[in-house]
Amino acid sequence: MTTTLTVLLAVCVVIGLLGIVIPVLPGLLLVWGAVLVWAVVTQTWWLAVLVTVLYAVGLALQYVLPGRRLRTGGVPTRSLAAGVLVAVVGFFVIPVVGAVAGFVLGVFLSELQRLGSTGAAWPATVHALKAVGLSMLIELTAGLLISASWAAALIWA
153 MTTTLTVLLA VCVVIGLLGI VIPVLPGLLL VWGAVLVWAV VTQTWWLAVL VTVLYAVGLA
213 LQYVLPGRRL RTGGVPTRSL AAGVLVAVVG FFVIPVVGAV AGFVLGVFLS ELQRLGSTGA
273 AWPATVHALK AVGLSMLIEL TAGLLISASW AAALIWA
């Protein structure tokens, strides 16, 4: 394995970790893919299995836990879908920041239309934001665990 490839994969891991926080890049997928490439090329099969399990668990938790919190908070799927649609538009109107602002606006407007008042719509919007934050935290934790596993393999090798 060349040092150049290892450095290139390390850059991919860093970009992937940044992509988790800045939702423009395929964050966790990029981290997992870069470490998996290294594991396959170096035939470090235990690492390939470990990071794949961490990736799968991270993906599952990323959707299950926030979804459960949203259901208990009474935020309907319709409002989340509206948030995602407006986030996509917001991303192109105001790059990077527009996605987050669009999500908040979309959820808020959907809840305002559903509930009829600003006072009733805002708590659901805050609940949705907390769920998105939890999802990002889970994804970042999985990405850091995958990165740490790779670092351990690099040191160990």
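So for the sequence shown, the working numbering puts the first residue at 153; every next one is plus one. No residue lacks a Cβ here, since even glycine has one placed at the ideal position from N, Cα and C.
{"Asked": "With respect to the alpha helix (DSSP H) encompassing threonine 224, which residues constitute its N-terminal and C-terminal limits?", "Found": "197-225"}
{"Asked": "Counting Cβ pairs closer than 8 Å, one from the segment 223-230 and one from the segment 199-212, do we hit at least three?", "Found": "no"}
{"Asked": "For proline 275, which three-state DSSP category applies?", "Found": "helix"}
{"Asked": "Closest to threonine 154 by C-alpha separation, out of Leu217, Pro218, Val249, Val189, would be which residue?", "Found": "Val189"}
{"Asked": "What residues in its chain sit with their C-beta under 7 Å from that of alanine 253, if we drop five residues either side in the sequence?", "Found": "Gly242, Ile246"}
{"Asked": "Take histidine 279 and list the residues in its own chain whose beta-carbon comes closer than 8 Å to its own, dropping the five residues that flank it on each side.", "Found": "Arg221, Leu222, Gly225, Gly226, Val227"}
{"Asked": "Given valine 209, which residues of its chain have a CB within under 6 Å of its CB, disregarding the five upstream and five downstream residues?", "Found": "none"}
{"Asked": "Spatial neighbours of valine 165 within its chain, please: CB distance less than 6 Å, with the 5 preceding and 5 following residues excluded, ordered by chain position.", "Found": "Val183, Ala186, Ser299"}
{"Asked": "Under the three-state reduction of DSSP, which class applies to alanine 311: helix, strand or coil?", "Found": "An answer regarding residue 311 cannot be provided, because it is not within the stretch 153 to 309 covered by the chain."}
{"Asked": "Mark serine 339 as exposed unless 16 or more other C-beta atoms lie within 10 angstroms of its C-beta, in which case mark it buried.", "Found": "Not covered by the structure: residue 339. The range shown for the chain is 153 to 309."}
{"Asked": "If we ignore side chains and look at the alpha-carbon of each, how far apart do valine 193 and leucine 169 end up?", "Found": "22 Å"}
{"Asked": "Quick one, are the C-beta atoms of valine 236 and glycine 250 less than 9 Å apart?", "Found": "no"}
{"Asked": "Could you pull the start and end residues of the alpha helix (DSSP H) that threonine 155 belongs to?", "Found": "155-173"}
{"Asked": "Between which two residues does the alpha helix (DSSP H) carrying serine 262 extend?", "Found": "249-267"}
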